[in-house]
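Report on the structure given below.
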Amino acid sequence: MPAEAENKWQKIYKFRGMDCHIHPDFSIDARGSVEAFVRRAIELGLSRICFTTHIDLDPHRLSADTYIRVGGKLRFASLEFAQIYRETVYEARRKFGDRIEIVYGFEFSYEPHFEDRVREFIRGAKPEFAIGSVHSVDGFEITSRRSVPAAARVFELRSFLRRYYEKILSLARSGLFDVIGHIDGYKKYLSRWWGFYAMERAEIEILEEIAPKLADAGAKFEINSSAYKRGLCAPYPSAAVSRILVSRGVEIGSVGSDAHSPAALAKNVESAINYTAWALKGI
Ligand SMILES: [Zn+2]
Ligand SMILES: [Zn+2]
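All letters in the sequence shown, in the order written, are residues 51 to 333 by the numbering used here.
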């Protein structure tokens, strides 16, 4: 086996002991303070965690992530909030930084029509780590149980994937994010309509064209273990997707659990790493 091929799957092991996708209770659908997460991470022996509070700046919709919980009250996501959040993470770093690396970051919802708002927010909030995720396509929240049946009726599988990956490509070209979040996270519910393996076949076709462009844009993607809790047999992305991405030069940038409570911290991250190493061995 050539040395380069050998390295591709071994590289993922450098992310062991990390969780870089965590929602503390600033997100209204999450439980557990920053400090509670840090204490749990130390208990688990993790070496690095990144807090990634959701921010959704889409002017067309008022989703849960448009609001942030601060001191028990709901507020619009703003730079003023970002300062409070950053200070909370820095405080945890001052207290526990000798035992674990603690990173201040966000997970941004992304679509091209509000890229400028995201850019402006990032300029003001200066995160140390930013995930960019496409959570909705043409008004359909594709990772929401409520919205998916309608999306599956409106779209045909290939036209949906094409539309989605166009947005992923402009996300990558924006240069705003360190990693693409849960790149095939739409499989969570849509695979019940279209079938997991039928989706993988269609993804391969589309990514043959898109993956080299993502590589040119310098994009990286995360391995996200939250898929397992939805009963999927693979993390995000599944084997076919991570194979085609990595073989076309798109690198893995982080691993994360997408935990919304301290009890879920780092859950299945080790399995997701082992699965991805297995998936990449063949390329
Ligand atoms: Zn997300
Ligand atoms: Zn998330």
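The beta-carbon is built from N, C-alpha and C at its ideal position, and this holds for glycine as well. It should be emphasised that the depicted structure is a prediction, and the values quoted were computed from it without experimental measurement.
Simplified DSSP assignment, three categories, for S194: For this step, residue 194 is matched to residue 144 along the sequence shown. If DSSP states are grouped into helix, strand and coil, S194 belongs with coil.
Between the CA atoms of P177 and Y214 - distance to the nearest angstrom: The residue you call residue 214 lines up with position 164 of the sequence shown. The residue you call residue 177 lines up with position 127 of the sequence shown. Rounded to whole angstroms, Y214 to P177 spans 26 Å at the Cα level.
Check: E157 C-beta below 7 Å from any heavy atom of ligand 2: Locating residue 157 in the sequence shown gives position 107, where the first residue counts as 1. Taking 7 Å as the cut-off, one finds at least one heavy atom of ligand 2 near enough to the beta carbon of E157.
DSSP bridge partner residues for H104 (one or two, in chain order): Taking the sequence shown and counting its residues from 1, one reaches residue 104 at position 54. BP columns for H104 point to E157.
The segment 178-194 touching the segment 156-165, judged by at least three CB pairs closer than 8 Å: Yes, since at least three Cβ pairs between the segment 178-194 and the segment 156-165 fall closer than 8 Å, the two stretches touch.
Proximity test, S186 beta-carbon vs ligand 1 heavy atom, cut-off 7 Å: Here residue 186 corresponds to residue number 136 of the sequence shown, with the count starting at 1. Outside the cutoff, so no.
Whole-number beta carbon distance between V153 and V84, since they are thought to touch under 8 Å: By 1-based counting over the sequence shown, the position of residue 84 is 34. By 1-based counting over the sequence shown, the position of residue 153 is 103. The pair is not a contact, with the Cβ atoms about 12 Å apart (cut-off 8 Å).
Which residues DSSP lists as bridging V229, in chain order: Locating residue 229 in the sequence shown gives position 179, where the first residue counts as 1. DSSP lists I181 as the bridge partner or partners of V229.
Secondary structure of L124, DSSP reduced to three states: One-based indexing of the sequence shown puts residue 124 at position 74. The three-state reading of DSSP puts L124 in strand, counting E and B together.
Where the beta strand (DSSP E) containing E301 begins and where it ends: Counting from one through the sequence shown, the residue named residue 301 turns up at place 251. Counting along the chain, the unbroken beta strand (DSSP E) around E301 starts and ends at 301-306.
Own chain residues within Cβ distance below 7 Å of G82, not counting five before or after: Within the sequence shown, residue 82 is the residue found at index 32, counting from 1. So the qualifying residues of the chain are P74, D75, S311, P312.
Cutoff 6 Å; reference E216; Cβ partners in own chain excluding five residues on either side: For the purposes of this step, residue 216 is taken as residue 166 along the sequence shown, with counting starting at 1. For E216, there are no CB contacts under 6 Å within the same chain when 5 residues up- and downstream are skipped.
Proximity below 8 Å, CB of K331 to CB of L282: For this step, residue 331 is matched to residue 281 along the sequence shown. For this step, residue 282 is matched to residue 232 along the sequence shown. No, these two residues do not count as a Cβ contact at 8 Å.
Residue of D166, R195, A252, L240 minimising C-alpha distance to D108: Indexing the sequence shown from 1 puts residue 108 at position 58. Taking only the C-alpha atoms, the option nearest D108 is D166.
Candidates L207, P262, H232, of which the one nearest R242 by Cα: Taking the sequence shown and counting its residues from 1, the one referred to as residue 242 is at position 192. Residue nearest to R242 within the set L207, P262, H232 is L207 (criterion: CA-CA distance).
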